[in-house]
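Be aware that the sequence shown starts at 1, since it is given in the UniProt record's numbering, and climbs by one per residue. One structure below.
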Amino acid sequence: SLYVSEYFSQSAQKLSFYSWYGNAKLFHFHVPEDTVLLRWLLQASRGKGPECTSMEITVHFRHGAPPVINPLGTRFPANATVRPSYNISISLSSAVQNTTFVNVTTPAAGDWFIAAHLPQAAGRIEVKGFSTPCPYMFQADMFVLRLTDMPVLEPGVPMPHTVVSPAKPLHVKVFVPKHAAGMRFQLSSCVTSQQRACTVRVLLGSITLPQSFQRSLTCTGSINCSLALDSPPWEKWLQIMVESLGTANASVSVEMLASFTVCRPGSTSSFLNFISLNQSQAGGRPGAAGSSAPAAGEAPRNVSIPRSSCLQSQPVVREDLDVVSVRYRLLNGPSVPVSSLSPTLLLLNLNTGMDSGGSLVVNLLLNKTSVSLANATVAACVSAASPVLSLNATRNCSTAFSQGYPLSVSTSSAEAMLIVLYPQTDDWFLSLQLLCPKGQGECSSAEAKVTVFAYLTPCFNDCGPYGQCSLLRRHGYLYAGCSCKAGWGGWSCTDDTKAQSVGTQNLATLLLTLSNLMFLPAIAVAVHRFYLVEASVYTYTMFFSTFYHACDQPGVAVLCIMDYDTLQYCDFLGSVVSIWVTILCMARLKKILKYVLFVLGTLLIAMSLQLDRRGVWNMMGPCLFALVIMVTAWVHHGAKRRHCYPSSWKRWVFYLLPGITLAFIAISVYAFMETNENYYYTHSIWHVLVACSVAFLLPPRDKHKKPWAWSQKLTCRYQICQNDREELYAVT
Numbered sequence: 001s002l003y004v005s006e007y008f009s010q011s012a013q014k015l016s017f018y019s020w021y022g023n024a025k026l027f028h029f030h031v032p033e034d035t036v037l038l039r040w041l042l043q044a045s046r047g048k049g050p051e052c053t054s055m056e057i058t059v060h061f062r063h064g065a066p067p068v069i070n071p072l073g074t075r076f077p078a079n080a081t082v083r084p085s086y087n088i089s090i091s092l093s094s095a096v097q098n099t100t101f102v103n104v105t106t107p108a109a110g111d112w113f114i115a116a117h118l119p120q121a122a123g124r125i126e127v128k129g130f131s132t133p134c135p136y137m138f139q140a141d142m143f144v145l146r147l148t149d150m151p152v153l154e155p156g157v158p159m160p161h162t163v164v165s166p167a168k169p170l171h172v173k174v175f176v177p178k179h180a181a182g183m184r185f186q187l188s189s190c191v192t193s194q195q196r197a198c199t200v201r202v203l204l205g206s207i208t209l210p211q212s213f214q215r216s217l218t219c220t221g222s223i224n225c226s227l228a229l230d231s232p233p234w235e236k237w238l239q240i241m242v243e244s245l246g247t248a249n250a251s252v253s254v255e256m257l258a259s260f261t262v263c264r265p266g267s268t269s270s271f272l273n274f275i276s277l278n279q280s281q282a283g284g285r286p287g288a289a290g291s292s293a294p295a296a297g298e299a300p301r302n303v304s305i306p307r308s309s310c311l312q313s314q315p316v317v318r319e320d321l322d323v324v325s326v327r328y329r330l331l332n333g334p335s336v337p338v339s340s341l342s343p344t345l346l347l348l349n350l351n352t353g354m355d356s357g358g359s360l361v362v363n364l365l366l367n368k369t370s371v372s373l374a375n376a377t378v379a380a381c382v383s384a385a386s387p388v389l390s391l392n393a394t395r396n397c398s399t400a401f402s403q404g405y406p407l408s409v410s411t412s413s414a415e416a417m418l419i420v421l422y423p424q425t426d427d428w429f430l431s432l433q434l435l436c437p438k439g440q441g442e443c444s445s446a447e448a449k450v451t452v453f454a455y456l457t458p459c460f461n462d463c464g465p466y467g468q469c470s471l472l473r474r475h476g477y478l479y480a481g482c483s484c485k486a487g488w489g490g491w492s493c494t495d496d497t498k499a500q501s502v503g504t505q506n507l508a509t510l511l512l513t514l515s516n517l518m519f520l521p522a523i524a525v526a527v528h529r530f531y532l533v534e535a536s537v538y539t540y541t542m543f544f545s546t547f548y549h550a551c552d553q554p555g556v557a558v559l560c561i562m563d564y565d566t567l568q569y570c571d572f573l574g575s576v577v578s579i580w581v582t583i584l585c586m587a588r589l590k591k592i593l594k595y596v597l598f599v600l601g602t603l604l605i606a607m608s609l610q611l612d613r614r615g616v617w618n619m620m621g622p623c624l625f626a627l628v629i630m631v632t633a634w635v636h637h638g639a640k641r642r643h644c645y646p647s648s649w650k651r652w653v654f655y656l657l658p659g660i661t662l663a664f665i666a667i668s669v670y671a672f673m674e675t676n677e678n679y680y681y682t683h684s685i686w687h688v689l690v691a692c693s694v695a696f697l698l699p700p701r702d703k704h705k706k707p708w709a710w711s712q713k714l715t716c717r718y719q720i721c722q723n724d725r726e727e728l729y730a731v732t
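What follows is the structure, encoded as structure tokens:
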């Protein structure tokens, strides 16, 4: 046999602390056919800075679809099927880098996914630029060993083969045809090269993660041994590995035989289905009144469905709606007839390779008037690769190499729903059959009508009122995840263990919005001291900060008067410009220079916010530059007057020092104390402290400016001209 090794690699990704599925970094690989060995090379590394500590990385594996994970231990939605993912942990302690190998023998061909993430996020809101997070990198590479000339076992034809040694097992494959109800594998004539009784082990099927249903068979001596499989995967190659358990220097000769039991489906005429589909889409062609083709909806009722076959296939139309969004429409109507003689089968096509990133929802509704027996039950199974054809014999919904998902409806419980999270890429089948407690003879002539609704959606129930469905991408592969808010959690944001009550949500909204009213004293002080431009900036900031936080709320207490992005940009712009104009106002520059710096600084701040809205230097840069201008101006004023500027100790003690203290406390709260849990009151404190510091820091009005008085504004005959020349004076 000729073995070929292949190597596949993807670029490294920076890991994130886990709070929702979007934090997990996904790797998507495709394992080719006839692969006998798969080896993952997992490389994890961290930075060398002092901020880097020991960390444990969790890596999940799954075949066919992204792994369904639950690191936070939250609840899944009701009726959702969850099977734990296969995962390993990689530790980064003293070593900067860790290399781990994971081997999988006889892996299943097709899509394989790896998801890696760090532990649960701490929840602290970090300001970009104040701290340097430690980079944790992860890269996954894949090595495969593929057999180029794997022998093919033809059904019904005995095939002799030789196992050279225990170290070199024999690999063969057989193709499972469509509608195969069962498979029987037989091994006979097992002898060694030393003419002794042999012992061999046969492994049928491939390994899939997180669950593997590989079948094992041990044969001893020359007697025939066989294994029967129910519902093998349709239209797929089935790998068979035979390994010797004898001595190392002895070869083993065996003879293998594979046979299939084919199930003949019964369904309506394909031609009538095609005519019904065309007429339901186009509404019929004009001038076809004399045609013999039945109208849409009449064909299914006029066709007699034979019940002598082992299954009844119902035609299903796949209708693609959007990305990871598919609706399945039954051609013969939403209701399907279900009997006890043979199962009714529906094909749900999910093999495009782009359907595994959503949620498959199957909803069954029993028409109670259609069931004549009150104690009858309609059993259903949703399975991948092959359908369950023996619902009357076993109700565990198991096929040869997979485990399906059971459903049932009856007159006492007429509705059932199933949610398959991230369904694997394959053909999915829905099998339905009528069961009676006293045996099938009791309901041999009965028939039930079951309405079937099946669809693929990116996020079940669109993540509910407390979640946002986000479409994620890894290279060309798209998948969806729910980002929850207001304390809700879970896969579809249905876990209310830590959810905020409506009262808490209203309190958070009131605190974050009404705390901006503390700008009113600053506005009043600015207007009283004739700083009208500054007062306008504070009014702008108060308005947009109020309505931005009213729109930014995660719960039900939300009010958006504009687009969210527009409100956020205006809030950030007003905040930084308020600090800019306040410090420049304290510098006591000439009017023309002050207003030029106002306009120029505002334009530059608007540009920098457009480039990086959350960067710390968008706020710190204008603040530092304005402080340099203010200190330079104060030094200049002090040198001119030959004493400290401002010269009044009262100005320092009662205004400047309290204002500077409030500003430093506000920056500390904003940069180091905010978390996701305390955001609504710590950020409200930030609003109050900043607004109060502005009121303290604004300088007094110019000496030549008279207080606001209507008697001075309403002059008659003549008025005394005053000199508006800029003067240097001591601030008292």
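Cβ atoms here follow ideal geometry from the backbone N, Cα and C, with glycine treated the same way.
If residue i sits next to residue j, beta carbons under 8 Å apart, how far is it from one beta carbon to the other, in whole angstroms?
i: Ser410; j: Leu366; result: 7 Å
i: Tyr538; j: Ala550; result: Wrong, their Cβ atoms sit about 19 Å apart, outside the cutoff.
i: Met256; j: Leu153; result: 6 Å
i: Pro233; j: Phe401; result: 6 Å
i: Ser89; j: Ile69; result: Not confirmed; about 13 Å, so no contact.
i: Asn618; j: Val576; result: 6 Å
Cβ of residue i within 8 Å of Cβ of residue j?
i: Val452; j: Leu346; result: yes
i: Ile125; j: Phe27; result: no
i: Leu435; j: Ala380; result: no
i: Phe519; j: Met542; result: yes
i: Trp112; j: Cys482; result: no
i: Leu2; j: Asp149; result: yes
i: Leu389; j: Ala167; result: no
i: Ala480; j: Tyr466; result: no
i: Ala456; j: Ser325; result: Checking the sequence shown, residue 456 turns out to be Leu, not Ala. Result yes, Cβ atoms of Leu456 and Ser325 sit closer than 8 Å.
i: Ser244; j: Val163; result: yes
i: Ala671; j: Leu689; result: no
i: Ser470; j: Pro66; result: no
Just list the residues that DSSP pairs residue i with in beta bridges.
i: Gly481; result: Ser470
i: Lys14; result: Met137
i: Leu600; result: DSSP, once it has assigned bridges, lists no residue as partnering Leu600.
i: Gln433; result: Ala379
i: Asn23; result: Partner(s): none; Asn23 has no beta bridge.
i: Pro406; result: Cys381
i: Ile207; result: Pro107
i: Ala197; result: Val191
i: Asp462; result: BP columns for Asp462 are empty, so no partner.
i: Ser165; result: Lys168
i: Glu674; result: Looking at the DSSP assignment, Glu674 forms no beta bridge with any residue, so it has no partner.
i: His475; result: Its beta-bridge partners do not exist; DSSP assigns none.
Go to residue i, then tell me how far its beta strand (DSSP E) extends in each direction, as first and last residue.
i: Asp612; result: No beta strand (DSSP E) contains Asp612, which DSSP labels as neither H nor E.
i: Ala228; result: Cys225 to Asp230
i: residue 734; result: Given that the chain is displayed from residue 1 to residue 732, the structure contains no residue 734 and the question cannot be resolved.
i: Pro337; result: Ser335 to Ser339
i: Phe185; result: Ala180 to Thr192
i: Ser244; result: Lys236 to Ser244
i: Pro71; result: Looking at the DSSP string, Pro71 is not in any beta strand (DSSP E), and its letter there is neither H nor E.
i: Asp320; result: Val316 to Asp322
i: Ser251; result: First-last for Ser251: undefined, no H or E at that position.
i: Cys263; result: First-last for Cys263: undefined, no H or E at that position.
i: His171; result: Leu170 to Val176
i: Ala446; result: Note, Ala446: premise wrong, no beta strand (DSSP E); not H, not E.
i: Thr344; result: Thr344 to Leu350
List the endpoints of the continuous alpha helix (DSSP H) containing residue i.
i: Phe664; result: Leu657 to Ser668
i: residue 746; result: The structure shown does not extend to residue 746, since the chain is modelled only from 1 to 732, so the question has no answer here.
i: Gln424; result: It is not in any alpha helix (DSSP H) - Gln424 carries neither H nor E in the DSSP assignment.
i: Asn87; result: Per DSSP, Asn87 belongs to no alpha helix (DSSP H); it is in the beta strand (DSSP E), Tyr86 to Leu92.
i: Phe696; result: Tyr679 to Leu697
i: Gly503; result: Val502 to Leu514
i: Pro521; result: Phe519 to His528
Where are the beta strand (DSSP E) runs, 3 residues long or more, that stay fully inside the stretch 27 to 57, in chain order?
If we require 3 residues or more, the beta strand (DSSP E) runs fully inside the stretch 27 to 57 come out as 35 to 46.
Report the start-end ranges of each alpha helix (DSSP H) in the stretch 614 to 646 that is 4 residues or longer and not cut off at the edges.
Annotation note: the stretch 614 to 646 contains the following uninterrupted alpha helix (DSSP H) runs of length 4 or greater, listed N- to C-terminal: 617 to 641.
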